[in-house]
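First up is the structure itself, then whatever we jot down about it.
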């Protein structure tokens, strides 16, 4: 897939297998993996970082292949869900960092363009989440209150 704003082709990389089966060398069962996901989530990590930590430290390549449930569903079953989705939270963190950079470097025009692109990306994602009832219809992104949103 092509990149959104750079007029370049997409990134090449490895793809996951089409069929999701538990590898023979994984010794964990589904209950143990669920307990590990809950334990790591209680430290405040997002679903994507939980998957990375399970892969790197415990040798679990795919949680969904073992438990038949994605990490996000395991977290919702155990009521460990943040108010904002992970991808929206990451974009808001980028927005905060870019605004902090622009306070110091006022003449950085490429960064100003990047800020506009980031704002539009946040707007598109918010529109998608409102349409799918993840966010309430009256939810609005306010840059002045962004740090409070991230800390929740």
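Numbering (this note's numbering), first residue to last: 3 to 154. We treat Cβ as the ideally placed atom computed from N, Cα and C, and that holds for glycine.
query = So residue 61 is in the alpha helix (DSSP H); what residue range does that whole segment cover?
reply = From DSSP, residue 61 is part of no alpha helix (DSSP H); its letter is neither H nor E.
query = Hey, residue 39 and residue 76 are a contact pair by Cβ (cut 8 Å); roughly how many whole angstroms apart?
reply = The pair is a contact, with the Cβ atoms about 5 Å apart (cut-off 8 Å).
query = Pick from 139, 101 and 35: whose alpha carbon is nearest that of residue 163?
reply = Beyond the ends of the chain as shown, which are 3 and 154, falls residue 163; an answer cannot be given.
key: Contact the stretch 46-57 vs the stretch 71-85: 3+ CB pairs below 8 Å   = Touching, yes, given that three or more Cβ pairs across the two stretches are closer than 8 Å.
query = Taking the alpha-carbon positions, what's the residue 142 to residue 43 distance?
reply = Approximately 27 Å between the Cα atoms of the pair.
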